[in-house]
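Read the structure below first, then the notes.
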Amino acid sequence: MAAIKVLPEYGLVYDTETGKIAPESGNMVKYTMGSVNTALDKLDKYADDLVNSLAPTGSFLESFPGREKSLYYAGIFTNVFYGFIFGLIAAFVIVFLRAGGMI
Amino acid sequence: MAESIAVAATQAPPESAFVPMIDEICYRAQLTARNQKLSSAVGATKVLGFLIGALFALGMVLIPLALLGGL
């Protein structure tokens, strides 16, 4: 059962299950939600970090400064290898046809 | 019954249950964000990187051949 304090000086709470204002019973457990709110604010920042990962540039929340384009250059180098393989095959075809007198 | 539930609830206050879970979620979110950022970087630079690699390989093979008179 969850209850919200509406009038602490009269001991009245709002019962969220029945929707009624009722006197506060003695066996209630009170929580402070401050740490939970702080944790949720932290979670909000990390969710923004996750959304920002859809763009290749820009730094992460906990990365060192000056690394805004490091993954962009990593992507270029990844694709350079695929292009290198394609270029070697194309060069082989050109040399092969040239040696055969076809071009 | 109610007292035992209350005792069980006080042994698991929100900060002891939520905060380690939030840290774990942040860790997993960072891993996912790093992988997603690398994937989007590979996707964004495919034309540029492919051109650089292809021109480099073609030049590395054909320029020495042309200088030697093979082409």
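Just so you know, the sequences run in chain order A and B.
FYI, the numbering for the first sequence is 63 to 165, going by this note's numbering.
FYI, the numbering for the second sequence is 389 to 459, going by this note's numbering.
Ideal Cβ positions, reconstructed from N, Cα and C, are used throughout, including at glycine.
The structure presented is a predicted model; accordingly, all values stated were derived computationally and were not measured.
Chain A contact for residue i (CB, 8 Å cutoff)
{"i": "residue 443/B", "result": "yes"}
{"i": "residue 437/B", "result": "yes"}
{"i": "residue 450/B", "result": "yes"}
{"i": "residue 457/B", "result": "no"}
{"i": "residue 453/B", "result": "yes"}
{"i": "residue 389/B", "result": "Confidence in residue 389/B is poor, its pLDDT being 48 and thus under 50, which makes the residue's placement too unreliable to answer from."}
Residue i to residue j span [Cα, whole Å]
{"i": "residue 430/B", "j": "residue 145/A", "result": "13 Å"}
{"i": "residue 68/A", "j": "residue 92/A", "result": "14 Å"}
{"i": "residue 75/A", "j": "residue 89/A", "result": "13 Å"}
{"i": "residue 438/B", "j": "residue 123/A", "result": "30 Å"}
{"i": "residue 114/A", "j": "residue 408/B", "result": "24 Å"}
{"i": "residue 418/B", "j": "residue 433/B", "result": "22 Å"}
{"i": "residue 154/A", "j": "residue 443/B", "result": "13 Å"}
{"i": "residue 148/A", "j": "residue 106/A", "result": "44 Å"}
{"i": "residue 84/A", "j": "residue 77/A", "result": "7 Å"}
{"i": "residue 161/A", "j": "residue 459/B", "result": "8 Å"}
{"i": "residue 87/A", "j": "residue 95/A", "result": "21 Å"}
{"i": "residue 414/B", "j": "residue 446/B", "result": "46 Å"}
{"i": "residue 455/B", "j": "residue 448/B", "result": "12 Å"}
{"i": "residue 150/A", "j": "residue 131/A", "result": "29 Å"}
C-beta neighbour in chain C for residue i, strict 8 Å
{"i": "residue 410/B", "result": "Protein chains in the displayed structure are A and B, and chain C is not among them."}
Chain B within 8 Å of residue i, Cβ atoms only
{"i": "residue 76/A", "result": "no"}
{"i": "residue 149/A", "result": "yes"}
{"i": "residue 133/A", "result": "yes"}
{"i": "residue 122/A", "result": "yes"}
{"i": "residue 127/A", "result": "no"}
{"i": "residue 105/A", "result": "yes"}
Three-state secondary structure (DSSP) of residue i
{"i": "residue 455/B", "result": "helix"}
{"i": "residue 85/A", "result": "strand"}
{"i": "residue 465/B", "result": "Beyond the ends of chain B as shown, which are 389 and 459, falls residue 465/B; an answer cannot be given."}
{"i": "residue 91/A", "result": "coil"}
{"i": "residue 410/B", "result": "helix"}
{"i": "residue 112/A", "result": "helix"}
{"i": "residue 19/A", "result": "Nothing about residue 19/A can be read from this structure; chain A reaches only from 63 to 165."}
Cβ-based burial, residue i [other Cβ within 10 Å; buried from 16]
{"i": "residue 389/B", "result": "For residue 389/B, the pLDDT reaches just 48, beneath the cut-off of 50, and the residue's location in the model is therefore unreliable, although a value from the coordinates is still provided. Residue 389/B is exposed by the Cβ-count criterion."}
{"i": "residue 158/A", "result": "exposed"}
{"i": "residue 111/A", "result": "buried"}
{"i": "residue 134/A", "result": "buried"}
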